[in-house]
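Residue numbers (my numbering), protein chains in the order written: chain A, 1 to 291; chain B, 1 to 290.
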Amino acid sequence: MSTTASTSATTSGERTRRPAEPSAFRSPAFLLRTSLARTAVELKELSRSWDALVFNVFFPIIFLFIFGSVFSGDVAPGVSFTQYFTAGMAASGVLLVSFQSLAISIAVERDDGLLKRLEGTPMPPAAYFLGKVGLVVVTGVVQMAVLLAAAHLLFDVDLPAGPQQWLTLAWVTVLGAAAGTLLGIAYSSIPRTGRSASAVTAPVVLVLQFVSGVFFVYSQLPGWMQDVAAVFPLKWMAEGFRAALLPESMAAAEPAGEWQLGLIALVLAGWTVVGLVLCRTTFRWRRRGDR
Amino acid sequence: MSSEPAVRVTDLHKHYGARRAVDGVSFDVAPGQVFALLGPNGAGKSTTVEVLEGYRARTSGEVSVLGSDPGRPTPAWRSRLGIVAQSTRDLSDLTVTEVVRQFAAFYPHPRRPEAVIEQVGLADDARTRASALSGGRRRRLDVALGIVGDPELLFLDEPTTGFDPEARREFWALVQLLAADGTTILLTTHYLDEVEVLADALAVIDGGRIVATGTPADLGGRDTAPATVRWRDAGGGWRTERTGQPAALVARLHAQLGELDGLSVHRPTLEDAYLSLLSSTGQPSEPEVS
C-alpha cells in the first residue's frame with residue numbers, strides 16, 4: 001500500500017547552477033588534486049598518531065638500536081651481526097609501513113565510516129588508494145634513510161658498496177612496498193572491526209619476521225621453516241637487502257649459494273599481482289552487512 | 001526543469017531475505033522543498049534514504065534523484081548531493097578546517113571552506129580536532145562536509161538525535177538558512193517538533209510503508225478535526241466542549257458571556273495525529289539493519 005505526495009515547490013528562487021561536465025571527473029588534473037588532498041591528510045593524521053609512528057615507522061630503528069647494543073659478535077669474518085640485522089630491519093620496515101600500516105588503518109577507516117563517507121562524494125576511488133601510496137612512499141623513504149643513517153653512524157654498519165648495490169636497495173624497496181601496499185589493502189578486509197585490526201594484523205607480521213631471517217640468520221633456520229618463509233614476500237625482501245648491504249662473499253652462505261635477484265624480483269612482482277587481484281575482487285567501502 | 005521533482009520514488013521495495021525493510025514506498029520531493037520522512041526507529045527511513053543516496057541497491061521500484069537513477073551513481077551526480085549520514089565517528093585526528101578543506105577538494109565548484117565553517121557556526125572551533133568536538137558541534141561538522149560541495153539536494157539522516165534542546169534549536173536555524181538558500185532538503189527524523197518547525201511536506205513511514213503524507217499543519221486531517229474549546233464560566237468552573245465548528249462556538253459564547261476567562265481552542269497536535277497513524281497500522285516495527 002502506498003500513497004504519493006505531490007507538493008508544489010516552496011522555494012523562493014531557483015538557483016542558477018552549472019553542473020560540472022562528467023568528463024571533469026575523469027580528468028588527470030582532478031585525480032591529481034584529490035590524490036594530493038588525500039596524501040596531505042594521511043600524513044597529517046600519521047604525524048598526530050603516536051602509536052602508528054612508533055609501531056610502523058620507527059619500530060625497525062628502535063629494534064636496530066636494541067639488538068645492535070646487545071649483540072656485538074660477527075655472523076661471518078668481517079660481517080657484524082648488526083650489518084646482517086640491518087638488512088632484516090630494512091625489509092621489516094618496508095613491510096610495516098606498507099602492509100601493516102595499511103591493513104590496520106583501512107580496517108579502522110572502514111569500520112568508523114570514513115570510507116562510506118568518501119564513497120558518497122565525487123572523489124575518484126583511485127584517489128583514496130593513491131593517498132595511501134603517497135603515505136607509504138613518504139614514510140618508507142624517511143624510514144629507510146633514518147635506519148641506514150643510524151646503522152652507519154651508531155654501529156659502523158657499511159652502506160651499500162657501490163651503484164649496483166644502491167640500485168638493488170632501490171628496486172627491492174619499490175617492489176617490496178608495492179606488494180606490501182596491495183596485500184595490506186586486501187588484508188584490511190579480514191579484521192571484523194577497527195578495534196581488532198591491530199590484533200589481527202601485527203602477529204602475522206611478527207611471525208613472518210621470525211621465520212624469514214629477520215631476527216635470526218636465515219641459513220641457520222630449520223629447513224621446514226625456510227620453506228614456509230619462502231612462500232611469503234618478507235624472506236625475499238630480506239635476501240634482496242642482504243645483497244645490497246652484505247659483502248659479495250656472504251652470497252655463498254645463503255642456502256642457494258647466491259643472491260637470487262631474478263627470483264626475488266619474480267616473487268615480489270608475483271605477490272604484487274596477487275595483491276592487485278585480491279583488492280579488485282574483495283575490497284569493500286562499507287562494513288560487513290551494510291548493503 | 002523546475003517542475004520536475006528533485007526526488008521521485010515510486011513503489012520502492014528493499015527486501016533482506018523475507019524481511020521487507022521497505023515495502024512499497026512512494027513520494028515526491030519538489031525542488032527547494034524541505035521534506036521530512038518521519039517514523040519510529042526501524043520503520044525503514046534510513047534504508048529508503050540510503051537507496052536514494054546511491055549506497056544501497058533496491059529490490060524493485062522506480063527511483064529518480066535529480067533526474068538520475070541512484071542505482072547507477074556517477075561522480076557528476078554525486079557532486080550535486082550532500083549527505084549527512086546517521087551517526088559518524090571518523091576524522092578524529094584532523095581539525096575542522098583540515099577536514100572541510102579536504103572535502104572541498106573533491107568537488108568541482110565547492111563553497112569556500114572558511115565560509116562554510118562560519119555558516120555552520122564552527123568558526124570558534126576551526127582549529128579544534130574533530131575528536132574534541134561535542135556531539136552537537138560534531139554534527140555541525142558533518143553538515144559542513146555535506147554542504148561544502150554546494151549541493152542542490154541535501155540528505156539529513158536523523159541529524160539531531162542526542163542533542164540537548166538548545167543545540168536542537170540552533171541546528172534548526174542552520175537548516176532553515178540552507179533551505180532559504182534554495183537547497184532541497186530530505187530530512188529523516190523521529191522528532192515531531194523538528195518536523196513542525198522545518199518541513200514543508202512530510203511522509204510518515206512505518207513498517208516499511210508510507211502511512212500518511214501531507215504537511216505538518218494538515219497531517220491526518222488534524223486541521224479539520226473536531227477541536228476542544230475550554231473556558232471558565234461565570235461561577236469559575238471549567239467547561240469544555242468538542243466541536244467541528246470551534247469559531248462559531250467561540251462567537252456564540254462571546255455574544256452570550258462577553259470576554260471569556262481561560263479560553264483555549266485545541267486541535268489535535270501533530271503528535272496526536274502521528275501517534276494515531278502509527279497505532280492504526282497495528283504492526284510493530286522491526287529493528288533496522290544499519
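Beta carbons: idealized from backbone N, C-alpha and C, even for Gly.
Note that the structure is a prediction, hence the values are computed from the model and not measured.
Asked                                                                                                                                                                           : Found
Please state whether DSSP places residue 190 of chain A in a helix, a strand or coil.                                                                                           : coil
List, from N- to C-terminal side, the alpha helix (DSSP H) runs of 4 residues or more that fit wholly inside the region 227–275 of chain A.                                     : 233–245
By the three-class DSSP mapping on this structure, what secondary structure does residue 15 of chain B have?                                                                    : strand
Would you give the residue range spanned by the beta strand (DSSP E) that residue 241 of chain B belongs to?                                                                    : 238–243
Assign residue 79 of chain B to one of three DSSP states: helix, strand, or coil.                                                                                               : coil
Checking contacts by CB at 8 angstroms: is residue 51 of chain A closer than that to chain B?                                                                                   : no
By the DSSP assignment, the alpha helix (DSSP H) with residue 135 of chain B in it spans what residues?                                                                         : 135–147
Name, in chain order, the residues that DSSP records as bridge partners for residue 266 of chain B.                                                                             : B:228
Alpha helix (DSSP H) containing residue 48 of chain B: first to last residue?                                                                                                   : 45–52
Where does residue 212 of chain B sit, in a helix, a strand or coil, going by DSSP?                                                                                             : strand
Residue 93 of chain B and residue 45 of chain A - do their beta-carbons sit closer together than 8 angstroms?                                                                   : yes
What residues from chain A crowd round residue 15 of chain B, counting only those whose CB sits closer than 7 angstroms?                                                        : None at all; the shortest Cβ gap to chain A is about 12 angstroms.
Assign residue 20 of chain B to one of three DSSP states: helix, strand, or coil.                                                                                               : strand
Exposed or buried, what is residue 66 of chain A when buried is set at 16 or more other beta-carbons lying within 10 Å of its beta-carbon?                                      : exposed
Counting only beta-carbon separations shorter than 8 angstroms, does residue 294 of chain A have a partner in chain B?                                                          : The structure shown does not extend to residue 294 of chain A, since chain A is modelled only from 1 to 291, so the question has no answer here.
Since residue 22 of chain A meets chain B, which of its residues come closer than 8 angstroms, beta carbon to beta carbon?                                                      : 74, 75, 76
Can you check which of these residues, A:289, A:187, A:140, A:53, is closest to residue 283 of chain A by C-alpha distance?                                                     : A:187
Round the Cβ separation of residue 234 of chain A and residue 90 of chain A to the nearest angstrom and send it over; I've been treating them as touching at under 8 angstroms. : No, residue 234 of chain A and residue 90 of chain A are not in contact; Cβ-Cβ is about 11 angstroms, not under 8 angstroms.
Using the Cα positions of residue 228 of chain B and residue 272 of chain B, report the straight-line distance between them to the nearest angstrom.                            : 13 angstroms
Taking C-alpha atoms, which residue in A:244, A:214, A:136, A:190 lies nearest to residue 165 of chain A?                                                                       : A:244
Keeping to the same chain, check which residues put their C-beta closer than 6 angstroms to that of residue 107 of chain B; ignore five residues upstream and five downstream.  : 79, 149
Mind pulling the chain A residues with CB within less than 7 angstroms of residue 94 of chain B?                                                                                : 41, 44, 45
Tell me the rounded alpha-carbon separation between residue 134 of chain B and residue 219 of chain A.                                                                          : 57 angstroms
For residue 284 of chain B, which three-state DSSP category applies?                                                                                                            : Since pLDDT at residue 284 of chain B reaches only 46, below the 50 mark, its modelled position is unreliable, and the value read off the structure follows with that caveat. Residue 284 of chain B: coil per DSSP, three-state reduction.
Would residue 9 of chain A pass as an interface residue toward chain B - the criterion being a Cβ-Cβ separation below 8 angstroms?                                              : Note that residue 9 of chain A scores 37 on pLDDT, short of 50, meaning its location in the model is unreliable; the coordinates nonetheless yield the value given after this. Residue 9 of chain A counts as touching chain B.
Just checking my contact of residue 6 of chain B with residue 34 of chain B at CB under 8 angstroms: how many whole Å lie between their CB atoms?                               : Contact flag wrong, Cβ pair sits at about 11 angstroms.
Strictly below 8 angstroms CB to CB, what residues from chain A border residue 219 of chain B?                                                                                  : Near residue 219 of chain B there are no residues of chain A at all, since even the closest Cβ is about 11 angstroms away, more than 8 angstroms.
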